[in-house]
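Protein sequence lines, in the order shown, are assigned to chains G and H. Take 70 as the starting number for the first sequence in the numbering used here and just add one per residue. Take 81 as the starting number for the second sequence in the numbering used here and just add one per residue.
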Amino acid sequence: MSDETAGEAWFAGIDTTDPEAAAERISEGAADKPADWPTAAVEAGAVDSTDAYYDLLRNATIAATRAAVAEAEAADDQQLAHLVRAMDDCNRTANELAERVSEWAGARLGESGSGVGFARRIASRDTASGNAGDERLIDLAQRVADLDDEAAALRAEIEQSAPQVAPNLSALAGPVLAARLISLAGGLEDLAKSPSSTVQVLGAEDALFAHLRGQGPSPKHGVIFTHDAVRGMPRENRGSAARALAGKLTLAARVDHYSGERKPELDEQLAERIDRIRARTDSADSDSGGDDQ
Amino acid sequence: MSLPDGVERRQFADENRLATRGPPVYGEPTDGEWRAWDARRSKLGATLEKGMDTGLDAGDSVLYLGAASGTTVSHVADFAGPTYAVEFAARPARDLVGVAADRDRLFPLLKDARKPESYAHVVESDLDAIVQDVATRGQARVALENKQFLAEDGRLIATIKARSEDVTAEPAEVFEDVLAELEDGYEVLDTERLEPFHDDHLAVVARPK
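1) Please confirm whether any heavy atom of the ligand MN lies closer than 8 Å to the CB of G:E93.
2) Quick check: is the beta carbon of H:T248 nearer than 9 Å to any beta carbon in chain G?
3) In the DSSP assignment, the beta strand (DSSP E) including H:R273 goes from what residue to what residue?
4) Count the CB pairs spanning the stretch 98-105 of chain G and the stretch 194-214 of chain H that are closer than 8 Å, and state whether there are at least three.
5) Mind reading off the beta-carbon distance from H:D280 to H:M132? Whole number of angstroms is fine, and I expect it under 8 Å.
6) Exposed or buried, H:T100, counting other C-beta atoms within 10 Å across all chains shown (16 or more means buried)?
7) Which residues, in chain order, does the stretch 222-240 of chain H contribute to contact with chain G at a C-beta distance below 8 Å?
8) Return the first residue and the last residue of the alpha helix (DSSP H) that G:N160 is part of.
9) Using a cut-off of 7 Å between C-beta atoms, extract the partners of G:G98 located in chain H.
10) Name the chain G residues that come within less than 8 Å of H:P188, Cβ to Cβ?
11) Looking at the unbroken beta strand (DSSP E) that takes in G:N306, where does it start and where does it end?
12) Could you spell out where the alpha helix (DSSP H) holding G:P288 opens and where it closes?
13) Is the stretch 166-177 of chain H in contact with the stretch 187-195 of chain H, if contact means three or more CB pairs nearer than 8 Å?
14) Based on DSSP bridge pairs, tell me the residues matched to H:W114.
15) Can you give me the start and stop residues for the beta strand (DSSP E) that H:E261 sits inside?
16) Near G:I346, which residues of its chain fall below 8 Å by C-beta distance, leaving aside the five closest residues on each side in sequence?
17) Can you give the Cα-Cα distance for G:N200 and G:L223, rounded to whole angstroms?
18) Are the beta-carbon atoms of H:P109 and H:F92 separated by less than 9 Å?
19) Counting contacts by CB-CB distance shorter than 9 Å, is H:E204 in contact with chain G?
20) May I ask you to report which of helix, strand or coil DSSP gives H:A119?
21) Any chance you could list the alpha helix (DSSP H) runs of at least 4 consecutive residues sitting entirely within the stretch 188-237 of chain G, in chain order?
22) Where does G:D361 land, buried or exposed, given buried means 16+ other C-beta within 10 angstroms?
23) Pull up the distance between the alpha-carbon of G:G179 and that of G:V170, whole angstroms please.
24) Around the Cβ of G:L373, are there at least 16 other Cβ atoms within 10 angstroms (buried) or fewer (exposed)?
25) Please report the Cβ distance between H:F159 and H:P84, rounded to the nearest whole angstrom; I am assuming they are in contact, meaning their Cβ atoms lie under 8 Å.
26) Buried or exposed: which applies to G:H151, given that a residue is buried once 16 or more other Cβ atoms fall within 10 Å of its Cβ?
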């Protein structure tokens, strides 16, 4: 092996007993081609034996990978994904428990009602009745209220941080939908690299794969359905609206990932496109309601 | 039977299953220090279950591409020698680090298998085997680009996932294309579909040429 090759080894030129230096070289380093590194390390006097080399390598790779994982997972777009998933979990669980409260309260207290609002009403009752069963029910209702509060707090946090992570996407989609798209794509970078046709059906994977197997129509939209531009559109134009919206959201995600600068003209372009699609329905009521331009 | 030394068939409950010796990883059934190797969760496990001659042996030096959370690579490290585990995604790599921490010669690397230069300063040359299970388009190219780590008489044991190349195409056609591309750098020794353990997957054993 030439010295030049050995100079590329992860252990070359660093204090191998310094875990941070070793970890950094493993994460950041590179070489044109591999070599017999264990032998090279012994020859270079970095270690006494190949066994000692592997022990060193083990500690260094574990430290390097642990640090790289921690860094990747702390990235703000990943935090945003956690926030939106946590919010969804809180909402879902609150609704589920609220149903239980409704059923129980109906049987026990003779009260009827449903949803989180009803659970809040039960939770506000006096627990001092001394009746253990009542107490459990009211306590459970309080948990529903707490989960609902937590969901609201999580939403507030999303609304606060999404515009920092993805300013354009948040402006076009709204912070929560922006966070949801980032979460579904696996990160802002993944979203930025997705074609707009993928963004259009994010969240409709079941329907998409059913379609690819030939068992259904192609889905028109995934989570972007929650956007007013799609939901507020007459049915026959929702496909067009979803396609236009997905296109602009993809652009926004790319700007956010690659430059991070706010571009207000994107908002105008989207509003214009949606207006044009909406005008189609208004003016062509007698028409057959064609979809494509 | 062509099981590597260190991999045995053993009785778990009323089932005869593959097993290796090592600390448990994913809640698999154990029998003393032996732990069951679930062919339904591991494509390499399925490859061995199918009776393919992988050429793997105890003490082999191995580069594992697409280690994910370490389910399969933990079994490899149980019977092999130095085992380098490359995984691209952070989330599964977190679990992989945990698996590595329980073993002496398993080296986790958060790297992209399509960019071997980013780990060639760590992974040694002249390895006995590359085990490849990457769910990305261009699976043949990954194998070709990583050939540089393999000894002349080394083995590539790859699982080709048809859906990663093209969701809509017929798996058989996808496999044909991938194998043809693989021939640029490898001589394919044996192939086998992994049904019923894994749908639309092809196991390939090849040697560099």
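Ideal Cβ positions, reconstructed from N, Cα and C, are used throughout, including at glycine.
Reading from the atomic positions:
1) Only the bare structure without any ligand can be found here, which leaves the ligand MN out of the picture.
2) Reading the second sequence from its first residue, position 168 is the one you call residue 248 of chain H. At least one chain G Cβ lies under 9 Å of H:T248.
3) Within the second sequence, numbered from 1, the residue matching residue 273 of chain H stands at position 193. Note, H:R273: beta strand (DSSP E), Y266 to R273.
4) yes
5) On the second sequence, position 200 is the one that residue 280 of chain H refers to. On the second sequence, position 52 is the one that residue 132 of chain H refers to. Actually they are not in contact, since the Cβ atoms of H:D280 and H:M132 sit about 18 Å apart, beyond 8 Å.
6) Counted from its first residue, the second sequence places residue 100 of chain H at position 20. Under this definition H:T100 is a buried residue.
7) Q228 and F229
8) In the first sequence, residue 160 of chain G corresponds to position 91, counting from 1. Taken as a continuous stretch (DSSP letters only), the alpha helix (DSSP H) holding G:N160 covers D145 to L178.
9) As a working note, residue 98 of chain G is residue 29 in the first sequence. Under the 7 Å cutoff, chain H gives H201.
10) Looking up residue 188 of chain H in the second sequence gives position 108. Chain G residues near H:P188: T130, I131 and T134.
11) Locating residue 306 of chain G in the first sequence gives position 237, where the first residue counts as 1. From DSSP, G:N306 is part of no beta strand (DSSP E); its letter is neither H nor E.
12) Working through the first sequence from its first residue, we reach residue 288 of chain G at position 219. Neither: G:P288 is in no alpha helix (DSSP H) and is coded neither H nor E.
13) yes
14) Residue mapping note: residue 114 of chain H aligns to position 34 of the second sequence, counting from 1. Answer is H:R101 and H:D111, bridged to H:W114.
15) As a working note, residue 261 of chain H is residue 181 in the second sequence. That residue, H:E261, is in no beta strand (DSSP E); its alpha helix (DSSP H) goes P251 to L262.
16) As a first step, residue 346 of chain G must be located in the first sequence, where it is residue number 277. The residues are M302, N306, S309, A310 and A313.
17) Working through the first sequence from its first residue, we reach residue 200 of chain G at position 131. Working through the first sequence from its first residue, we reach residue 223 of chain G at position 154. Looking at the two C-alpha atoms, the distance is approximately 35 Å.
18) Within the second sequence, the letter at position 29 stands for residue 109 of chain H. Within the second sequence, the letter at position 12 stands for residue 92 of chain H. Yes. Within cutoff.
19) The sequence position of residue 204 of chain H within the second sequence is 124, counting from 1. So yes, H:E204 belongs to the interface.
20) On the second sequence, position 39 is the one that residue 119 of chain H refers to. H:A119 falls in the coil class under three-state DSSP.
21) 201-234
22) Numbered from its first residue, the first sequence carries residue 361 of chain G at position 292. The predicted position of G:D361 is uncertain, since its pLDDT is 43 and thus under 50; a value taken from the coordinates is nonetheless stated next. By the neighbour-count rule (16 or more Cβ atoms within 10 Å), G:D361 is not buried but exposed.
23) Locating residue 179 of chain G in the first sequence gives position 110, where the first residue counts as 1. Locating residue 170 of chain G in the first sequence gives position 101, where the first residue counts as 1. Distance between the alpha carbons of G:G179 and G:V170 is about 12 Å.
24) Past the edges of chain G, shown from 70 to 362, lies residue 373 of chain G, and the structure says nothing about it.
25) Translated into positions along the second sequence, residue 159 of chain H becomes position 79. Translated into positions along the second sequence, residue 84 of chain H becomes position 4. Indeed, because the Cβ distance is near 6 Å, the residues count as touching under 8 Å.
26) Taking the first sequence and counting its residues from 1, the one referred to as residue 151 of chain G is at position 82. G:H151 comes out exposed.
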